[in-house]
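Reviewing the structure listed below.
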Amino acid sequence: MMAISDLANPTRFLGLTNRLLPFVWAAALVGLGVGLYLSFFVAPPDYQQGETVRIMFIHVPSAWLAMFGYVLMAGAALGTLVWRHPLADVAAKSIAPVGAAFTFLALVTGSLWGKPMWGTYWVWDARLTSVLVLFLMYLGLIALWRAADDPGRASRVAAVLILVGAVNLPIIKFSVDWWNTLHQPASVLRIDGPTIDASMLGPLFVMALALTLVFAALSIMAMRNEILRRRIRTLQLTAAGGLG
Amino acid sequence: MIGPLATIAGQTARLSLKSGGGALVGLVFFLAVITVVPFGLGPDLNLLSKIGPAILWIGALLATLLGLDRLFQDDRDDGSFDLIFLTGLPLELIVLAKAFGHWLATGLPLVVAAPVLGLLLDIAPLPLGAVTLTLLVGTPALTLIGTIGAALMVGLGRGGLLIAVTVLPFTIPVLVFGVSAAATTIIGPTPFLPPFLMLVALTLVGAVVAPIAGAAALRTSLE
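Chains as they are written, first to last, in my numbering: chain A, 157 to 400; chain B, 262 to 484.
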């Protein structure tokens, strides 16, 4: 039974992901195919919004993954600071661009949906503003990693920043409940259960699963690249006489 | 113990105010921002007086953020940080003293300049007093929050904009409450105290959290 601690060995991680990655991509592409078919041809048009509602099937999973990515980074930050897991900082650094991309996708699809629905591409309400701040935090962390010469020191600094910024996540989730916002209130993850009809909920969950698999595949590929990048750096330093 | 801490605060302020220290450049940057805004918005004094407090607050925020990399970097570069470590004082109080000295040199001039620059924006006397008061109470919060970021990134050597960008999201509540408090004197009969007291609270909480977090960050960055 392979534990997280077994994956701490970079070589073993590379070996395992080498075998797993094709299956993850295959599952992701099948899921995307099924999900997109269900979203565009099977799910009914909304009685109010008509066909425009189909943006939801990309917008909502992207927003979920934007927050999910930050949650994963927070877990990785704890791994770096508390348990000193060797690959935790690699995970955090690799997930950030993927999470940032899904945040951007959520903002853009939401904006395109808002124009026909609300009459505006943007409004400074609590939900949109807090997601924009999340995007800003992602970009700040990416800039921090790129600016640092020594990956080890930068990872501790980044870990602290990730954990401090995690305060934004409950603000995003509950922003539509705490403030009077233009954005729709929670209709899926609520105490009283979802308010969306099952005919739309099904395709939504399929798309969410498919995009999560895409997220996982991209993150794994980024982690593999980061491990190889660090090995190259070590080799270069050794060749230059810097180490041992 | 007060003696050495006062010396650290005073030294930080004095060195910052000297030429090359960066304090007065922050003040000039504040003036530059206030000057540039009417070029973008147009010279309509009616509009400028309504949004004047927000412009002053944003200018003060940017000037504070851009001055943060000087807080610890100079000491680290010339080795005086090792000497300060050796004094045996608690690192948390040293960080608080440095942050206070930094605010005296960079934040307080902004507060003093605010009424004058507010006249450029044709802000009425009552809102002018209100925004100056909010800046007096709020700029320490900005400096304290920035101290945490500056302490985290002192070892990374690229400072400047990177610290400003990372610290910015956490200073947004201070900005929101500061402008909100000042704006109550312009728009409608809403009470001034609730947002103002939140601002005071943010500064007080910062005065406790920033030294602790900053000291922990310095220990990690400088080990």
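By construction, the Cβ of each residue, glycine as well, lies at the ideal position given by its N, Cα and C atoms.
query	result
Secondary structure of residue 305(B), DSSP reduced to three states	coil
Sheet register partners of residue 202(A) (DSSP bridge)	206(A)
Any chain A beta carbon closer than 9 angstroms to residue 312(B)	no
Beta carbon of residue 402(A) nearer than 9 angstroms to that of residue 317(A)	Only positions 157 to 400 of chain A appear in the structure, and residue 402(A) is not among them; the question remains open.
Alpha-carbon spacing of residue 353(B) relative to residue 287(A), whole angstroms	34 angstroms
Same chain only: Cβ atoms within 8 angstroms of residue 391(B), ignoring 5 sequence neighbours per side	314, 442, 443, 445, 446 and 453
Of the residues 317(B), 288(B), 355(B) and 327(B), the one placed nearest residue 472(B), counting alpha carbons only	355(B)
Contact with chain A by residue 430(B), beta-carbon distance below 9 angstroms	yes
Proximity of residue 319(B) and residue 294(B) at Cβ, strictly below 9 angstroms	yes
Run of the alpha helix (DSSP H) containing residue 289(A), from where it starts to where it stops	282-303
Endpoints, alpha helix (DSSP H) assigned at residue 166(A)	166-193
6 angstroms Cβ shell around residue 368(B) - same chain, five flanking residues per side excluded	400 and 404
Every unbroken alpha helix (DSSP H) within the segment 308-390 of chain B, with a cutoff of 4 residues, ordered by chain	331-339, 341-347, 352-363 and 369-381
Proximity below 9 angstroms, CB of residue 383(B) to CB of residue 463(B)	no
Near-chain B residues of the segment 290-313 of chain A (beta-carbon distance less than 7 angstroms), N- to C-terminal order	292, 293, 296, 299, 300, 303, 304, 309, 310, 312 and 313
Contact check, residue 175(A) vs residue 245(A), beta carbons under 9 angstroms	no
Contact the segment 365-377 of chain A vs the segment 246-266 of chain A: 3+ CB pairs below 8 angstroms	yes
Test: residue 482(B) CB closer than 9 angstroms to a CB of chain A	yes
Near-chain A residues of the segment 401-427 of chain B (beta-carbon distance less than 7 angstroms), N- to C-terminal order	413, 414, 416, 417, 419, 423, 426 and 427
Under the three-state DSSP convention, the category residue 467(B) falls into	helix
Rounded C-alpha distance that separates residue 157(A) from residue 172(A)	Only weak support exists for where residue 157(A) lies, its pLDDT of 44 falling under 50; the coordinates are left without a value.
Nearest residue (CA-CA) to residue 395(B), options 371(B), 408(B) and 414(B)	371(B)
Residues of the segment 259-273 of chain A whose Cβ lies closer than 9 angstroms to any Cβ of chain B, in chain order	none
With 16 other Cβ atoms within 10 Å as the buried cut-off, status of residue 271(A)	exposed
Inter-stretch contact (C-beta, 8 angstroms, three-pair minimum) for the segment 379-388 of chain A and the segment 321-337 of chain B	no
Any C-beta of chain B under 9 angstroms from that of residue 198(A)	no
Unbroken alpha helix (DSSP H) run spanning residue 334(A), endpoints	324-334
Expected contact under 8 angstroms - CB spacing of residue 276(B) and residue 303(A) to nearest Å	Not confirmed; about 26 angstroms, so no contact.
Beta-carbon proximity check, residue 319(A) vs residue 233(A), cutoff 9 angstroms	yes
Classification of residue 324(A) by the beta-carbon crowding that lies within 10 angstroms, buried from 16 upward	buried
Cβ-Cβ distance between residue 426(B) and residue 247(A) below 9 angstroms	no
Closest Cα partner of residue 276(A) within the set 225(A), 339(A), 329(A) and 327(A)	339(A)
Interface partners of residue 319(A) on chain B, CB under 8 angstroms	None at all; the shortest Cβ gap to chain B is about 11 angstroms.
Segment contact, 8 angstroms Cβ cut-off, at least three pairs: the segment 337-353 of chain A with the segment 278-287 of chain A	yes
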